[in-house]
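Undergrad: Protein chains in written order, with full-length UniProt numbering: chain A, 1 to 194; chain B, 1 to 194. The C-beta atom is built at its ideal place from N, Cα and C for all residues, glycine as well. Before I ask anything, let me first share the structure, which is written out below as structure tokens.
Number of protein chains: 2
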Amino acid sequence: MTGTDRASRPGGRTARVRADVLAAVEAELAEHGYDGLTIDAVAARSGVHRTTVYRRWKTVAGLLVDLLQAGADDAWEPADTGSLEGDLIAVNREVHAALTARPSVTQAVIAASFRTPEAAEALTQFWVDRYERTAVVVRRAVERGEIPAGTDAHQLLLTATGPLYHQLVLLRRPMSRSIADQHARVAAKSLCGA
Amino acid sequence: MTGTDRASRPGGRTARVRADVLAAVEAELAEHGYDGLTIDAVAARSGVHRTTVYRRWKTVAGLLVDLLQAGADDAWEPADTGSLEGDLIAVNREVHAALTARPSVTQAVIAASFRTPEAAEALTQFWVDRYERTAVVVRRAVERGEIPAGTDAHQLLLTATGPLYHQLVLLRRPMSRSIADQHARVAAKSLCGA
DNA sequence: ATCCTAACGCAACATTCGTCGCATTAGGGA
DNA sequence: TCCCTAATGCGACGAATGTTGCGTTAGGAT
Numbered sequence: 001m002t003g004t005d006r007a008s009r010p011g012g013r014t015a016r017v018r019a020d021v022l023a024a025v026e027a028e029l030a031e032h033g034y035d036g037l038t039i040d041a042v043a044a045r046s047g048v049h050r051t052t053v054y055r056r057w058k059t060v061a062g063l064l065v066d067l068l069q070a071g072a073d074d075a076w077e078p079a080d081t082g083s084l085e086g087d088l089i090a091v092n093r094e095v096h097a098a099l100t101a102r103p104s105v106t107q108a109v110i111a112a113s114f115r116t117p118e119a120a121e122a123l124t125q126f127w128v129d130r131y132e133r134t135a136v137v138v139r140r141a142v143e144r145g146e147i148p149a150g151t152d153a154h155q156l157l158l159t160a161t162g163p164l165y166h167q168l169v170l171l172r173r174p175m176s177r178s179i180a181d182q183h184a185r186v187a188a189k190s191l192c193g194a
Numbered sequence: 001m002t003g004t005d006r007a008s009r010p011g012g013r014t015a016r017v018r019a020d021v022l023a024a025v026e027a028e029l030a031e032h033g034y035d036g037l038t039i040d041a042v043a044a045r046s047g048v049h050r051t052t053v054y055r056r057w058k059t060v061a062g063l064l065v066d067l068l069q070a071g072a073d074d075a076w077e078p079a080d081t082g083s084l085e086g087d088l089i090a091v092n093r094e095v096h097a098a099l100t101a102r103p104s105v106t107q108a109v110i111a112a113s114f115r116t117p118e119a120a121e122a123l124t125q126f127w128v129d130r131y132e133r134t135a136v137v138v139r140r141a142v143e144r145g146e147i148p149a150g151t152d153a154h155q156l157l158l159t160a161t162g163p164l165y166h167q168l169v170l171l172r173r174p175m176s177r178s179i180a181d182q183h184a185r186v187a188a189k190s191l192c193g194a
């Protein structure tokens with residue numbers, strides 16, 4: 001026996017179908033937004049049959065989850081600017097760019113996460129991973145002596161990014177990049193009273 | 001001529017139907033959450049016919065919007081504790097309670113806002129109103145001399161409440177009340193470097 | 001008390017959504 | 001090259017969702 005997984009065939013056609021479908025998802029997303037994202041429309045545009053899409057991705061949210069994972073940058077890491085404030089500003093600018101892009105895949109995935117638990121779980125895992133990686137900016141700040149050793153990295157990052165997500169995603173109001181920077185500065189100085 | 005709106009009849013039966021339907025919405029929400037909230041189920045429970053619900057509320061989101069507006073407390077105003085920090089802590093505790101309640105009508109309406117533009121608009125208006133009313137805590141702090149006169153109230157409130165919404169709604173992770181308090185304190189002291 | 005009509009109930013219809021059984025195609029190993 | 005079968009295509013089906021036309025009921029004004 002070979003010992004490999006017998007029940008999979010990720011070869012040529014399967015990969016091509018996946019690429020076509022995900023491309024169609026992105027295109028439909030750009031044209032009609034998340035609301036107009038239908039399995040039928042994706043199937044029609046990609047040239048793949050409805051049934052195939054249903055079988056492999058199950059739901060609209062599943063399509064977006066796959067798109068999210070396909071586009072996940074495994075090599076991502078936060079910028080190192082030399083100061084906590086600079087690092088947090090860089091992080092906030094990335095978040096700001098992702099949320100104000102048109103169309104925003106991030107916004108679409110967030111919307112999907114409110115429909116099916118699978119999408120919610122995938123998005124949560126994505127963010128857990130991202131916030132864990134970003135925690136290094138706090139550790140570097142501790143090593144530089146900018147902030148005390150016991151600082152809660154997640155809470156600090158939440159202070160920086162939370163206002164952006166709330167304003168741009170939930171309140172659905174605009175936010176300038178400079179205001180986003182200011183929230184990063186507030187977070188960086190949030191320990192001055194401690 | 002009377003000059004009143006001729007095309008409306010908000011009388012007895014109409015009001016009763018509305019009350020029954022909204023009560024059914026709340027009950028269904030409590031039992032099955034937002035996912036299990038179906039127009040058919042609401043109609044069946046309320047004893048009102050499907051068609052009537054479709055005609056008056058159109059969508060599931062419309063039902064929640066109406067529930068939100070019906071439950072909007074027009075007399076609401078933030079607590080006055082005597083200090084900016086105390087006021088912000090009180091605000092954050094209200095937000096925390098609303099988001100961690102089970103079932104949370106707020107969470108349900110947020111989910112609905114990602115489905116139809118009408119729900120999104122209603123929720124945005126609701127929050128705009130709430131944040132405007134809450135701005136009085138900042139004005140009081142300015143009068144007491146706690147913070148400078150030019151302080152941006154919305155930005156300050158965003159610093160306090162943003163992390164809560166992000167953690168509890170988008171990241172879908174728990175947050176203790178004491179951490180919520182801490183975010184309020186961070187916001188209150190966010191101007192120490194200015 | 002009587003009339004008008006907005007709002008509602010009812011049933012049939014149309015559409016969309018998701019599933020199932022079976023035939024066909026095309027990787028990939030022997 | 002040949003064979004096996006995973007993956008896809010295809011059409012039909014059932015269920016859920018939303019719509020329409022029409023008859024009936026009950027506010028509310030006269």
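Do residue 37 of chain B and residue 21 of chain B have their C-beta atoms closer together than 9 Å?
TA: Cβ atoms of residue 37 of chain B and residue 21 of chain B: not closer than 9 Å.
Undergrad: When the cut-off is 9 Å and only beta carbons count, does residue 196 of chain B lie next to chain A?
TA: Chain B is shown only over 1 to 194; residue 196 of chain B falls outside these bounds and no answer can be derived.
Undergrad: Does the stretch 162-173 of chain B touch the stretch 53-64 of chain B, meaning 3 or more C-beta pairs lie closer than 8 Å?
TA: Not touching, per the Cβ criterion.
Undergrad: Which of helix, strand or coil does DSSP assign to residue 88 of chain A?
TA: Residue 88 of chain A falls in the helix class under three-state DSSP.
Undergrad: Per DSSP, what kind of secondary structure is residue 78 of chain B in: helix, strand or coil?
TA: Three-state result, residue 78 of chain B: coil.
Undergrad: Counting beta carbon pairs with one atom in the stretch 107-126 of chain B and one in the stretch 168-177 of chain A, are three or more of them shorter than 8 Å?
TA: A contact exists between the stretch 168-177 of chain A and the stretch 107-126 of chain B.
Undergrad: Please list, in chain order, the chain A residues whose beta carbon lies closer than 7 Å to that of residue 114 of chain B.
TA: In chain order: 111, 114.
Undergrad: Need the endpoints of the alpha helix (DSSP H) that residue 172 of chain B sits in, please.
TA: No alpha helix (DSSP H) holds residue 172 of chain B; DSSP gives it neither H nor E.
Undergrad: Since residue 165 of chain B meets chain A, which of its residues come closer than 8 Å, beta carbon to beta carbon?
TA: Correct list: 162, 165, 166, 170.
Undergrad: Since residue 37 of chain B is in the alpha helix (DSSP H), which residue starts that stretch and which ends it?
TA: Unbroken run through residue 37 of chain B: none, as it is neither H nor E.
Undergrad: Which residues in chain B sit within 7 Å of residue 186 of chain A, going by Cβ to Cβ distance?
TA: Those within 7 Å of residue 186 of chain A in chain B are 159, 190.
Undergrad: Output yes if chain B places a C-beta closer than 9 Å to the C-beta of residue 89 of chain A; else output no.
TA: False, the Cβ-Cβ gap to chain B never drops below 9 Å.
Undergrad: Leaving out the 5 sequence neighbours to the left and right, which residues in its chain are closer than 6 Å to residue 52 of chain A when beta-carbon positions are compared?
TA: Cβ neighbours of residue 52 of chain A beyond the five flanking positions: none.
Undergrad: Using a 10 Å radius around the Cβ and a threshold of 16 neighbouring Cβ atoms, would you call residue 161 of chain A buried or exposed?
TA: Buried, since its Cβ has 16 or more Cβ neighbours within 10 Å.
Undergrad: Using only alpha-carbon positions, find the residue among A/139, A/183, A/175, A/134 that is nearest to residue 76 of chain A.
TA: The shortest C-alpha separation from residue 76 of chain A is found at A/134.
Undergrad: Between which two residues does the alpha helix (DSSP H) containing residue 156 of chain B stretch?
TA: 153-165 is the extent of the alpha helix (DSSP H) around residue 156 of chain B.
Undergrad: Interface residues of chain A around residue 183 of chain B at Cβ under 7 Å?
TA: Going along chain A in sequence order, the residues near residue 183 of chain B (Cβ under 7 Å) are 159.
Undergrad: According to DSSP, is residue 140 of chain B helix, strand or coil?
TA: Of the three classes helix, strand and coil, the one that applies to residue 140 of chain B here is helix, per DSSP.
Undergrad: Give the residues of chain B in contact with residue 179 of chain A, contact being defined as C-beta atoms less than 8 Å apart.
TA: Going along chain B in sequence order, the residues near residue 179 of chain A (Cβ under 8 Å) are 155.
Undergrad: Alpha carbon to alpha carbon, what distance is there between residue 89 of chain B and residue 142 of chain B?
TA: Approximately 17 Å, taken between the alpha carbons.
Undergrad: Give a yes or no on whether the minimum CB-CB distance between residue 119 of chain A and chain B is below 9 Å.
TA: It does not: the Cβ of residue 119 of chain A has no partner Cβ on chain B nearer than 9 Å.
Undergrad: Can you grab the Cα-Cα spacing for the pair residue 69 of chain B / residue 105 of chain B, in whole Å?
TA: Going by the C-alpha atoms only, they are around 12 Å apart.
Undergrad: I'd like the list of long-range same chain contacts for residue 185 of chain A, defined as Cβ closer than 8 Å, with 5 residues on each side in sequence excluded.
TA: Cβ within range, chain order: 85, 88, 89.
Undergrad: Counting only Cβ pairs nearer than 7 Å, list the residues of chain A close to residue 124 of chain B.
TA: 171, 172, listed in chain order.
Undergrad: What in chain B is Cβ-close to residue 127 of chain A, meaning under 8 Å?
TA: Ordered by position in chain B, the residues that pass the 8 Å Cβ test against residue 127 of chain A are 170, 171.
Undergrad: Applying the criterion that 16 or more other CB atoms from any shown protein chain within 10 Å of the CB defines a buried residue, is residue 96 of chain B buried or exposed?
TA: By the 10 Å Cβ count, residue 96 of chain B comes out buried.
Undergrad: Can you say whether residue 1 of chain A is buried or exposed, counting buried as having 16 or more other CB atoms within 10 angstroms of its CB?
TA: Confidence in residue 1 of chain A is poor, its pLDDT being 36 and thus under 50, which makes the residue's placement unreliable; the coordinate value appears in the next sentence. Exposed, by the Cβ-count rule.
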